[in-house]
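Enquirer:
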Amino acid sequence: MNTQPADADDWVDLGPAEALRDPPLREVVLGRTKIALSCVDGAFGAVSGVCNHAGGPLGEGRLEGAYVECPWHRWKFHHRTGEGEPGFEEDRVPRHEVEVRDGHVWVSRQAATRRHKAPHAPHPLARPLEAHTGALRVLGLSTTNLDPAHPRYSTSQALLVSALDHARLELGCETRRIELAELDFRACEGFYSRSARACTWPCSITQMDPNDRMETVYEGLVHWADVVLVATPIRWGAPSALYFKMVERLNCVQNQITLADKVLIRDKVCGLIITGGQDNVQGVAGQMLGFFAELGFVFPPFPYVAHTRGWSAEDMENNVAYVRRSEELHQGARELAARAARLAQVLRWGAGEVCASRVARGGRKASRPHAPEA
Ligand code: FES
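Going left to right, the sequence shown walks through residues 11 to 384 as this note's numbering numbers them.
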């Protein structure tokens, strides 16, 4: 690359045009300036290589007709003018002069136009966190996969309902329940894998897709709840697929700590309800505790209640019957809600006792030693 001035002191020779036509979009770096150099239908264009949205590398994107599409979240800018796509022309990145002289592509080091970011109303989720002074708020997250049109009895959800009812009716908390199966939300598309900074808060998908309902979970966890109770079945020794789908989308919450030194989950309490026809309760609980701890949640003593009848018990109809009639298990779920609420109270008011001298045995390890069956 010849960086000697040509007829002005600001032009740079990028090299032979023939060599720069393919690939039709590339990043060129001139000192500290990144340029997205493109060639569409034989015409070269040069615009800033830094996207207006979150700084994505436009030169590493792709061409969509005459527009450069950002590889991070697909904002588009005209490859020659730098203007946003139709309807968003005001959102423009700087344009650089580009000319072909004697078979070489020359580009101006200084931009010919200025960057302009059209005002975008901040997403409601981006509002500051606010403490509230009302009753404690308990959010239940049910992650089992139910078909709302053909409901069935879910053991994890049933225990969650008992916990929430107790929180509302006996503890005076406000409660909400989110059933992930009723939320239409997209799987994480791995923006983080392109660049840590491509994973934004609020989530890029939430900002781009008004039909994506993950916003309900973000709102509940980040802005609304003091206590979150997460219920999952055990599926092949792990939490449910819906649980993991949600967890992947929560990466943007955890990522704010990494990228922006911003903790979005503060002084919030998490408790877990885990049920399954087969075992691995401790493995499932460990996975969930690890993730919610990394979000910033704290845990009450005995942070989960669980139930399984063991490796060889595939007779799920009996499992359902067992949970339905087990007052002990439902009491365990109620007391989990109570322990979590007590901790939330201590966090809010700085006084009180979290751990009682006795704990409900239902849902606790070996709560009821089983005699061998005859
Ligand atoms: S679209 Fe370019 S950084 Fe988001």
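By construction, the Cβ of each residue, glycine as well, lies at the ideal position given by its N, Cα and C atoms.
Near GLN14, what residues of its chain come up, given a Cβ to Cβ distance below 8 Å and the 5 sequence neighbours on each side ignored?
Expert: With a pLDDT of only 47 at GLN14, under 50, the local geometry of the prediction cannot be trusted, and the value read off the model is given with reservation. Around GLN14: ASP23.
Enquirer: Under the rule that 16 or more other beta-carbon atoms within 10 Å means buried, what is ARG276, buried or exposed?
Expert: Counting the other CB atoms within 10 Å of its CB gives ARG276 a total below 16, which places it among the exposed residues.
Enquirer: Beta-carbon distances below 5 Å to any heavy atom of the ligand FES define the shell here; list its residues in chain order, please.
Expert: CYS61, HIS63, ALA64, GLY66, CYS80, TRP82, HIS83, TRP85
Enquirer: Among the candidates ALA351, LEU282, ARG368, THR268, whose CA atom is the shortest distance from the CA of ARG453?
Expert: No answer is possible for residue 453: it lies beyond the span of the chain, which begins at 11 and ends at 384.
Enquirer: Taking ILE188 as the reference, give the member of PRO134, HIS176, ALA235 with the closest Cα.
Expert: ALA235
Enquirer: For ARG259 and ARG111, I'd like the C-alpha separation in whole angstroms.
Expert: 49 Å
Enquirer: Alpha carbon to alpha carbon, how far is ALA366 from VAL279?
Expert: 17 Å
Enquirer: Flag this pair as yes or no: are the beta carbons of ALA323 and GLY287 separated by less than 9 Å?
Expert: yes
Enquirer: Spell out the partners DSSP gives ARG162 in its beta bridges.
Expert: Answer by DSSP bridge pairing: none, since ARG162 is not bridged.
Enquirer: So the candidates are SER118, GLU95, HIS142; which of them puts its Cα closest to the Cα of ALA128?
Expert: Ranked by Cα distance from ALA128, the options SER118, GLU95, HIS142 are led by GLU95.
Enquirer: Can you list the alpha helix (DSSP H) stretches of 4 or more residues lying completely in the segment 300–357, in chain order?
Expert: 326–335
Enquirer: Whole angstroms are fine: how far does the CA of ALA331 sit from the CA of PHE309?
Expert: 30 Å
Enquirer: With distances taken from CA atoms, which of VAL232, VAL238, ASP32 is nearest MET298?
Expert: VAL238
Enquirer: Roughly how many angstroms separate the alpha carbons of ASN12 and ALA27, rounded to a whole number?
Expert: Bear in mind that a pLDDT of 49 at ASN12, under 50, signals an unreliable position, so the model cannot answer this.
Enquirer: Could you tell me the distance, in whole angstroms, from the CA atom of ARG102 to the CA atom of ASN62?
Expert: Distance between the alpha carbons of ARG102 and ASN62: 7 Å.
Enquirer: For the segment 120–188, list the beta strand (DSSP E) runs that are entirely contained and at least 3 residues long, ordered along the chain.
Expert: 147–152
Enquirer: Of all the beta strand (DSSP E) runs that stay within the bounds of the segment 30–89, which reach a length of 3 or more residues?
Expert: 35–40, 43–50, 53–58, 72–74, 77–79, 86–88
Enquirer: Let me make sure I understand the geometry here. Which of THR210, TRP85, LEU174, ALA248 has the alpha-carbon closest to that of THR154?
Expert: ALA248
Enquirer: Write down the C-beta distance between ASP20 and ARG119 rounded to the nearest angstrom, noting that I regard them as a contact closer than 8 Å.
Expert: 5 Å
Enquirer: Would you identify the three-state DSSP class for ILE284, choosing helix, strand or coil?
Expert: strand
Enquirer: Would DSSP call GLU109 helix, strand or coil?
Expert: Of the three classes helix, strand and coil, the one that applies to GLU109 here is strand, per DSSP.
Enquirer: Please name the residue, chosen from LYS44, GLY75, ALA159, that lies closest to GLY65 on a Cα-to-Cα basis.
Expert: Ranking the options by Cα distance to GLY65, first place goes to LYS44.
Enquirer: Determine the extent of the alpha helix (DSSP H) in which LEU24 is found, giving its start and end residues.
Expert: Unbroken run through LEU24 is the beta strand (DSSP E), 21–26; no alpha helix (DSSP H).
Enquirer: In chain order, what residues of the same chain have a beta carbon less than 6 Å from the beta carbon of GLY69, not counting five sequence neighbours either side?
Expert: ARG36, GLU37, ALA46, GLY59
Enquirer: In its own chain, which residues sit with a C-beta less than 8 Å from the C-beta of LEU73, not counting the 5 before and 5 after it?
Expert: PRO34, LEU35, SER48, VAL50, GLU79, HIS89
Enquirer: By Cβ distance below 6 Å, which residues in the same chain neighbour ALA370 in space, the five residues on each side in sequence not counted?
Expert: GLN341, GLY342, GLU345
Enquirer: Using the Cα positions of ARG147 and GLY71, report the straight-line distance between them to the nearest angstrom.
Expert: 44 Å
Enquirer: Which residues does DSSP pair with VAL240 in a beta bridge?
Expert: LEU151, LEU282
Enquirer: Three or more beta-carbon pairs under 8 Å between the segment 256–274 and the segment 310–322, yes or no?
Expert: no
Enquirer: What is the residue span of the beta strand (DSSP E) that VAL369 lies within?
Expert: Premise fails: VAL369 is in no beta strand (DSSP E) and is neither H nor E.
Enquirer: Please return the same chain residues whose Cβ sits closer than 7 Å to the Cβ of GLU93, not counting the five positions on each side in sequence.
Expert: PHE87, GLU99, ARG102
Enquirer: Is the beta carbon of TYR228 less than 9 Å from the beta carbon of PRO243?
Expert: With contacts defined by Cβ atoms closer than 9 Å, TYR228 and PRO243 do not form a contacting pair.
Enquirer: Could you check if GLN292 is buried or exposed, using at least 16 other CB atoms within 10 Å of its CB as the buried criterion?
Expert: exposed
Enquirer: Would you mind stating whether HIS83 and SER203 have Cβ atoms separated by less than 9 Å?
Expert: In this structure, SER203 does not lie closer than 9 Å to HIS83 by Cβ.
Enquirer: Taking its Cβ as the centre, do 16 or more other Cβ atoms sit within 10 Å of ALA168, making it buried, or is it exposed?
Expert: buried
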